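Peer 1:
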Amino acid sequence: MSRNQKTAEEEAGAIDLTPMLDVVFIMLIFFIVTATFIKVPGVDVVKPEATTADLKAASILVAINESNEIWIAKEKVDDRLVKITLERLYSQNPKGWLVIQPDKKADIEKVALIANAAREIGIEKVSVATEKS
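Once you know that position 119 of the sequence shown is 155 in the working numbering, the rest is easy, because the numbers rise by one and skip nothing.
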């Protein structure tokens, strides 16, 4: 009899870890799914400051670093291939828009080159990423 009572007491004192493991797995799945949707241009840039800034997610990110190199989808792109690359990415998501992330020291001609290529393709939503001042 005392043996049965001891197991009942042990069972009452045991902690059930199943709900905690469920929560941990759900959080893990959430972080995996959201991490795959984060897009980076492939190079770090120091954005110029602006008085107005609107933060939105973009379907195509183009970065221009301080040495005026153009980076699209983590790859360095030659000036002559910008339009073709943008056209390929835009065909994958025609409802998306383009965000240009120039470095503070980047030439405005590179920004104009990308914006003109986007206009020729038919991308209507083009914005330039800046830092809030």
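Note that beta-carbon positions come from the ideal geometry of N, C-alpha and C, so glycine has one too.
Remember, predicted model here, so these are calculated numbers, not experimental data.
Does the beta-carbon of valine 98 have 16 or more other beta-carbons within 10 angstroms, so that it is buried, or is it exposed?
Peer 2: Valine 98 comes out buried.
Peer 1: Give the secondary structure of lysine 141 by DSSP, where H, G and I count as helix, E and B as strand, and everything else as coil.
Peer 2: Note: lysine 141 maps to coil in three-state DSSP.
Peer 1: Quick check: the Cα distance between alanine 153 and asparagine 129, rounded to an integer number of angstroms?
Peer 2: About 17 Å.
Peer 1: With DSSP as the reference, label leucine 97 as helix, strand or coil.
Peer 2: Three-state result, leucine 97: strand.
Peer 1: Less than 8 Å between the CB atoms is what I'm expecting for isoleucine 100 and proline 55, so what's the real figure, rounded?
Peer 2: Actually they are not in contact, since the Cβ atoms of isoleucine 100 and proline 55 sit about 49 Å apart, beyond 8 Å.
Peer 1: Excluding the 5 residues flanking glutamate 156 on each side, which residues of the same chain have their C-beta closer than 7 Å to its C-beta?
Peer 2: Contacts found: Lys119.
Peer 1: For isoleucine 96 versus tyrosine 126, is the C-beta distance shorter than 8 Å?
Peer 2: It is a contact, given that the beta carbons lie within the stated cut-off.
Peer 1: Give me the residue from Asp114, Glu167, Ser103 and Lys161 with the minimum Cα distance to isoleucine 144.
Peer 2: Looking at the Cα atoms, Ser103 is the closest of the given residues.
Peer 1: Among all the DSSP beta bridges, which residues are the ones paired with serine 127?
Peer 2: Its beta-bridge partners do not exist; DSSP assigns none.
Peer 1: Just list the residues that DSSP pairs glutamate 111 with in beta bridges.
Peer 2: Per DSSP, Ile108.
Peer 1: Go ahead and label isoleucine 108 buried or exposed: buried means 16 or more other beta carbons lie within 10 angstroms of its beta carbon, across all protein chains shown.
Peer 2: Result: buried.
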